[in-house]
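Chemist: Right, I'll just put the structure down here and ask away after.
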Amino acid sequence: MTRDIDERMMIFGVALTIERIALNMPQIEELQPPPNPAKLTDSRCLGYIKRYGKKSWELDALEPSYLTALVEKEVLKYRNDDRWSDMLKKEDSERQKLSDVLDDLSI
């Protein structure tokens with residue numbers, strides 16, 4: 000899937016770095032989601048079987064809370080906390096301005 004996304008983005012001239020954070024083999028070993036047979040109808044099946052074997056796993060077999068925590072952890076690695084704080088302050092200020100406008104419009 001990661002390679003597929005990368006290839007599709009290149010079609011549109013988008014160069015990006017994809018960091019796969021789920022579902023990887025250490026997570027499969029740790030969390031032990033239920034396996035599925037590899038999809039023999041998929042054109043990538045032979046390469047997959049050579050690399051991982053005849054079992055496959057679905058990302059949606061993981062608990063949503065686990066996925067949420069995983070994504071949050073990865074996003075926070077890249078977030079600039081000073082800029083984030085500044086934007087939260089600006090958001091609060093804009094929210095207050097909108098509230099004041101609504102108060103002025105009230106009859």
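Counted the way numbering that gives the first Met the number 0 counts, the sequence shown spans residues 0 to 106. Glycine included, every Cβ here is placed at the ideal spot set by N, Cα and C.
#1: Measure how close the beta-carbons of residue 34 and residue 55 come, nearest whole angstrom, since I'm counting them as under 8 Å.
#2: Rank 28, 50 and 66 by C-alpha distance to the C-alpha of residue 37 and give the top, closest one.
#3: Excluding five sequence neighbours on each side, which residues of the same chain lie with their C-beta closer than 6 Å to the C-beta of residue 53?
#4: Could you compute how far the alpha carbon of residue 112 sits from the alpha carbon of residue 44?
#5: Straight-line CA distance for residue 100 to residue 20?
#6: Residues bridged to residue 36 by DSSP?
Modeler: Walking through what the data contain:
#1: Taking the sequence shown and counting its residues from 1, the one referred to as residue 34 is at position 35. Taking the sequence shown and counting its residues from 1, the one referred to as residue 55 is at position 56. About 7 Å; that satisfies the 8 Å criterion.
#2: Numbered from 1 along the sequence shown, position 38 holds the residue referred to as residue 37. Measuring C-alpha to C-alpha distances from residue 37 to each of 28, 50 and 66 identifies 50 as the nearest.
#3: Numbered from 1 along the sequence shown, position 54 holds the residue referred to as residue 53. 37.
#4: Summary: the structure shown does not reach residue 112, with the chain confined to residues 0 through 106, and so no result is reported for it.
#5: Sequence index remark: in the sequence shown, residue 100 carries index 101 (1-based). Sequence index remark: in the sequence shown, residue 20 carries index 21 (1-based). When rounded, the distance between both Cα atoms is 44 Å.
#6: Here the question's residue 36 lines up with position 37 in the sequence shown. Residue 36 is bridged to 54.
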